[in-house]
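Numbering of the sequence shown is given in the UniProt record's numbering, commencing with residue 22 and proceeding in unit increments. Positions of the beta carbon are idealized from the N, C-alpha and C atoms, including for glycine. Read through the structure below, which is laid out as structure tokens, and then see the notes.
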Amino acid sequence: LFATGGEFLKGVVAMDGMPPADRIEVCFAGRSNVGKSTLINALTGRKALARASNTPGRTQEINFFTLAGSHYLVDLPGYGFANAPVAVVAKWQALLKAYLAGRPSLRRAFVLIDARHGVKEVDEQIMSLLDASAVTFQTVLTKADKVKDADRDAALDQTRRALARHPAAYPELIVTSSEKGWGIPTLRATI
Ligand code: GTP
Ligand code: MG
């Protein structure tokens with residue numbers, strides 16, 4: 022599935038711009054800067070397929086990537102960006118709600134959590150939205166290369182406690198580092 026590398030299809034800002042829901046789809050959600058775009062690059066083995074950046078809020082559109090003609094990988098705009106204008110946040114929330122509720126081909130959401138920070142209030146809100154939309158989600162810890170083992174384990178514990186409150190949560194977590202390639206084969210196999 023991942024041998025072909027993946028291709029960028031389009032960036033979407035409204036439901037009527039979505040490609041046809043004609044193949045298996047998974048999306049990547051998470052706070053700004055958590056590493057969504059970098060993870061998509063690591064999965065597809067392409068350095069700059071999804072644009073990664075140090076500037077939080079870089080990915081503003083819902084970006085669709087095709088994989089082997091059978092799958093879509095979907096890079097969602099990051100949330101929790103402190104300086105985003107209220108109107109931008111409201112528009113994004115409306116689009117995200119419409120996407121999660123209205124995409125019959127969406128098989129699973131991956132919710133990315135920074136291994137240094139654990140689950141924050143904004144992550145809980147997304148998880149609640151996924152519960153309400155009946156979209157199964159799986160949590161992926163990112164940037165594991167940046168934490169000591171003890172801190173990562175604390176983040177894992179805290180995350181597991183949070184997941185227990187969410188009926189749409191898949192119980193198994195995947196620990197990753199896009200930098201080191203940790204967890205990437207597991208995540209590929211899951212997709
Ligand atoms: P938005 O598009 O703003 O929502 O951000 P994003 O979630 O797509 O984050 P992005 O992939 O752009 O990564 C943000 C920063 O974190 C970049 O500087 C990446 O190089 C860095 N980063 C991402 N993943 C890892 C990782 O596994 N390890 C390390 N050390 N750095 C990472
Ligand atoms: Mg991004």
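Verify whether the separation of the beta carbon atoms of residue i and residue j is less than 8 angstroms.
i    : j    : result
K112 : L150 : no
I83  : V33  : yes
E142 : A183 : no
F116 : A189 : Correcting the residue identity first, residue 116 is Leu in this sequence and not Phe. For L116 and A189, no; Cβs fall outside 8 angstroms.
A210 : V168 : no
S91  : R44  : yes
A69  : S199 : no
Return the first residue and the last residue of the beta strand (DSSP E) that residue i is part of.
i    : result
Y93  : 92-96
A130 : 127-135
A50  : 45-51
V161 : 158-163
Whose C-alpha, out of the options, is nearest the C-alpha of residue i?
i    : options               : result
E46  : L133, V156, A71       : V156
R52  : E28, K68, I134, L22   : I134
A89  : A165, H187, G26, S198 : G26
G56  : A115, E142, A71       : A71
A24  : L94, S198, T65        : T65
G123 : D96, P40, T87, A185   : P40
A50  : L97, F29, I61         : L97
I195 : H187, R186, A176      : A176
L30  : R44, F85, L22         : F85
Looking at the ligand MG, does it come within less than 7 angstroms of residue i, judged from the CB to the closest heavy atom?
i    : result
S58  : yes
D96  : yes
A71  : yes
G27  : no
G204 : no
G99  : yes
Is the beta carbon of residue i within less than 7 angstroms of some heavy atom of the ligand GTP?
i    : result
N54  : yes
K141 : no
K68  : no
E82  : no
Just to confirm the assignment, what range does the alpha helix (DSSP H) spanning residue i have?
i    : result
V33  : Per DSSP, V33 belongs to no alpha helix (DSSP H); it is in the beta strand (DSSP E), 28-33.
L88  : Not the alpha helix (DSSP H): L88 falls in the beta strand (DSSP E), residues 83-88.
W113 : 107-123
P206 : 205-211
S199 : Where S199 is concerned, there is no enclosing alpha helix (DSSP H), given that its DSSP letter is neither H nor E.
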